[in-house]
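Residue numbers (our numbering), protein chains in the order written: chain A, 1 to 468; chain B, 1001 to 1165.
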Amino acid sequence: MAQSDLEQLLGGFASDTLTPEERQQLFTAALRDQQLFNALADEQALKELLADPAVRRRLLQAIEQSKAPTASGSSSRLEWLRRPAGLAWAGGLAAAALAVVLGTKIYQDSLREAAQSLQSETAQPAVRSTPAPPPRSPLPEPDQRPQERVESAPTAGTAMRDAKSNRKAAPEKPVAPPASEKDKAAVRQGLPKQTEPAGLQSGKAVEQQEPPVAKDEQPHSLTPATPIPGPMPMPQAAEESPALFLTEEAGARALFYAEAPMRGTRRALTKEQRRSATETQSFADRPAPEPKPRADAGQAPRSATKPVRPLGLRYSFVVTGSDGRDREVDAATAAKSGGRARLALEANQDGYLQVLMAIGSDEPRVLFPAEQAAQPFAPVTAHNRIEVPLPSAIEGVPVMLTVRLSRAPFGSSGQQRRTASARTSSDLLVEFVSPGGPGGPQEQAVYAVSQDPSPAADLTLNIPLHPP
Amino acid sequence: MDRDQILTSLRERIVAFATSRIARDRADDLAQEVLVVLHEKYPRVTAVTELVPLAFQILRYKMADAARKSARRGEAHQTSLEDLPLADPGDDPSREIERKQQVERLVKAMAQLGERCRELFQWKLEGKTFPEIQRLMGQASINTIYTWDHRCRKQLLDLMGGRWE
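Dropping the structure here:
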């Protein structure tokens, strides 16, 4: 081993880690080399120090402690940044994080825009005239109910969630097949899809659905709804979330249309039914149906776990303008319209309706149905709008209209007349809808939904008409 | 190399070494004292691998003792006898403090070393030989370890101010 190599062994002398051969070589060389001897003599101080086990342990501890923070310390963490590859990685990660943040923001913005466009789309049918829905049988066939529930529109409260989920999942919801053979036949005939707004339909289909406007209506007559701003098709109700029905967050309008059968159900009717639907019928001319209660009315719900739809009523005042078109007005305008105003009523489910009117301090009288009707109430079908002409005698005097809606037939007429002065149900959720902006709803109506979840719940609503 | 040859060589080296640190006459006395100890207390130690480190150890004690005696006598600076403190028959507290400070300096310097030097010293403190350290650090040549150790020791010595004591 060369002399210079022997000096390399000095480190092993202090720590006493030389092999026997190395020791032999080192010490033999030290006896001949004064410089190496001096170096070894100087190393003796360190050797004595390291010979103490306590000092060794302390030094090892110091090394471990300095190793640990270095391994995870800031200097070690930042050391990789000094290398170009580290800088490239850092830049790439920063760019990726920025892209994720921006992407998330853009995605949220697009969702917001989609929700706004969805709202405007849903409000669009309300701008256009809606053909009168064909009158349906007072008591719908029980087998049609599930189909209507399947085809019901979502609520406004779930519109945003549906919009989000639809972007992720399926772009379009599959349309449920028609339940009855008539519906299937209607689909085969190429009738428009139920998801399309009625106002967007073009050609003969729209013209066929446009009912003739009944100009000369008899008092207390039931006329099919004339082209007035109709309700917008609401999004599908969350059937699996019954709690939505009676939450005020959803709003009376949303609750009103919750689980409402879509208009496509009626569009799927046959031509004969459609034609008959457009004919003006006077309710007074029709024989009053036997007030037999519905199969499920007044009874316990079909299923104990199935939630009961909230009973809802929509009313508005309709006035025919000089251009022959009907428009919805507020109560004050209706009160001074000189007998041209009509009270448009629409229930969100099948039931029995009664309208009473008290002029001034007089006793209330039945305004609907006609006085010559056998019963002081009339059956109504869900979302079938009826219009009750208001007498001209109301101008200048305070008038109180009382609307009663129930799933079950009312009791005796005397009882109903006595209850005419009853106050508005305390458990009502009422929402006033006024014409909004270009993208907002174009209707002037009031939605009232009973928050009583019981099947026997009824709805009583007082509508004051004050003189202007 | 027999014991007498080793002791003769040791005397020459000790005198030369001590002369570089203390006065020449004291250096001869120092070398003589070291050899007396080796002769009287370690007559059976004959191997060079045992005699040389033993000589280094005795030399260090003798030099430290001479430095203390010189300071006590006031050779460097004369003081009144009444001002001198009484000798403590126990362990020298100043030496203990020096040793403690030496350890502190060593620990502090060791912590300032680089990662490789710390790892190398760690293996050495754990008693690993250079060939073992070569394998542990995955080096093909042991000269690499020697070079690293030489540089690390030099760095450590610099961090301690140029001397181990």
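Heads up, the beta-carbon is just placed ideally off N, CA and C, and yes, glycines get one too.
Neighbour-count burial assignment, T1147/B, 16 or more Cβ in a 10 Å radius: Position 147 of the second sequence, counted from the first residue, corresponds to residue 1147/B. Exposed, because fewer than 16 other Cβ atoms sit within 10 Å of the Cβ of T1147/B.
Within chain B, partners of G12/A - CB distance below 8 Å: In the first sequence, the residue the question calls residue 12/A occupies position 12. In chain order: K1124, T1129, F1130 and D1149.
Range of the contiguous beta strand (DSSP E) that encloses P369/A: Mapped onto the first sequence, residue 369/A falls at position 369. It is not in any beta strand (DSSP E) - P369/A carries neither H nor E in the DSSP assignment.
Nearest-angstrom beta carbon gap, A1111/B and R62/A [assumed within contact, 8 Å]: On the first sequence, position 62 is the one that residue 62/A refers to. On the second sequence, position 111 is the one that residue 1111/B refers to. Checking the displayed sequence, the identity of residue 62/A turns out to be Ala instead of Arg. Rounded to the nearest angstrom, the Cβ distance from A62/A to A1111/B is 5 Å, consistent with a contact under 8 Å.
Cutoff 9 Å: P20/A Cβ touching any chain B Cβ: To locate residue 20/A, count along the first sequence from 1; it is residue 20. With a threshold of 9 Å between beta carbons, P20/A makes contact with chain B.
Rounded C-alpha distance that separates A456/A from T104/A: Here residue 456/A corresponds to residue number 456 of the first sequence, with the count starting at 1. Here residue 104/A corresponds to residue number 104 of the first sequence, with the count starting at 1. If you take the alpha carbons of A456/A and T104/A, they lie about 49 Å apart.
Three-pair Cβ contact test at 8 Å for the segment 90-109 of chain A versus the segment 1135-1145 of chain B: Three or more Cβ pairs closer than 8 Å define a contact, and the segment 90-109 of chain A falls short of that threshold against the segment 1135-1145 of chain B.
Spatial distance of G1127/B from F27/A (CA atoms): Within the second sequence, the letter at position 127 stands for residue 1127/B. Within the first sequence, the letter at position 27 stands for residue 27/A. Straight-line Cα distance between these residues: approximately 19 Å.
Whole-angstrom C-beta distance between L1038/B and A1066/B, which should lie under 8 Å: Numbered from its first residue, the second sequence carries residue 1066/B at position 66. Numbered from its first residue, the second sequence carries residue 1038/B at position 38. So it is not a contact: roughly 17 Å between Cβ atoms.
Integer Cβ distance of V397/A from I359/A, believed to fall under 8 Å: Here residue 397/A refers to the residue found at position 397 of the first sequence. Here residue 359/A refers to the residue found at position 359 of the first sequence. Right, their Cβ atoms sit about 6 Å apart.
Where the alpha helix (DSSP H) containing V1107/B begins and where it ends: One-based indexing of the second sequence puts residue 1107/B at position 107. First-last of the alpha helix (DSSP H) with V1107/B: P1093 to A1111.
Same chain, Cβ closer than 7 Å to A445/A, five either side skipped, listed in chain order: Taking the first sequence and counting its residues from 1, the one referred to as residue 445/A is at position 445. Hits under 7 Å: R314, Y315, S316, E328 and V433.
Pair within 9 Å by beta-carbon distance, P364/A and L356/A: The count along the first sequence starts at 1 and reaches residue 364/A at position 364. The count along the first sequence starts at 1 and reaches residue 356/A at position 356. A distance below 9 Å separates the beta carbons of P364/A and L356/A.
Host beta strand (DSSP E) of R1011/B (start-end): Translated into the one-based positions of the second sequence, residue 1011/B becomes position 11. Here R1011/B belongs to no beta strand (DSSP E); instead the alpha helix (DSSP H) covers R1003 to T1019.
Neighbouring residues, chain A, relative to E1098/B (Cβ below 7 Å): Taking the second sequence and counting its residues from 1, the one referred to as residue 1098/B is at position 98. Those do not exist, as E1098/B stays about 10 Å from chain A at its closest Cβ, beyond 7 Å.
Short Cβ contact (9 Å threshold) for A334/A with L345/A: The count along the first sequence starts at 1 and reaches residue 334/A at position 334. The count along the first sequence starts at 1 and reaches residue 345/A at position 345. Going by C-beta atoms, A334/A is not nearer than 9 Å to L345/A.
Contacts of A29/A in chain B (Cβ-Cβ under 8 Å): Position 29 of the first sequence, counted from the start, is the residue given in the question as residue 29/A. Per Cβ cutoff of 8 Å: no residues; A29/A is ~10 Å from chain B at best.
Nearest candidate by alpha-carbon position, reference P376/A, set V366/A, L59/A and Q442/A: As a first step, residue 376/A is located in the first sequence; it is residue number 376 there, counting from the start. The shortest Cα separation from P376/A among V366/A, L59/A and Q442/A belongs to V366/A.
Buried or exposed by the 16-neighbour rule on C-beta atoms within 10 Å, applied to R1013/B: The residue labelled residue 1013/B in the question sits at position 13 within the second sequence. Result: buried.
Beta strand (DSSP E) segment containing R342/A, residue limits: Counting from 1 along the first sequence, the entry for residue 342/A is found at position 342. Residues A341 to A347.
Touch test, the segment 1105-1125 of chain B against the segment 48-59 of chain A, Cβ-Cβ under 8 Å, three pairs minimum: Counting Cβ pairs under 8 Å, three or more are found: they touch.
Chain-ordered chain A contacts of T1019/B [CB-CB under 8 Å]: Position 19 of the second sequence, counting from 1, holds the residue named residue 1019/B. Close partners of T1019/B in chain A (Cβ separation under 8 Å) are lacking, with about 11 Å as the shortest Cβ gap.
Other residues of its chain near T1046/B: CB distance less than 6 Å, five sequence neighbours each side excluded: Numbered from 1 along the second sequence, position 46 holds the residue referred to as residue 1046/B. Within the same chain, T1046/B has close Cβ partners R1003.
Reduced DSSP secondary structure (H/G/I, E/B, other) of T424/A: What you label residue 424/A is simply residue 424 of the first sequence in a count that begins at 1. Coil.
Chain A contact for E1033/B (CB, 9 Å cutoff): Taking the first residue of the second sequence as position 1, residue 1033/B is located at position 33. Output row for E1033/B: interface = no.
Contact with chain A by P1146/B, beta-carbon distance below 9 Å: Numbered from its first residue, the second sequence carries residue 1146/B at position 146. Reading off the sequence, residue 1146/B comes out as Tyr, not Pro. By this cut-off, Y1146/B is an interface position.
Cβ-based burial, V318/A [other Cβ within 10 Å; buried from 16]: Residue mapping note: residue 318/A aligns to position 318 of the first sequence, counting from 1. Buried is the call here.
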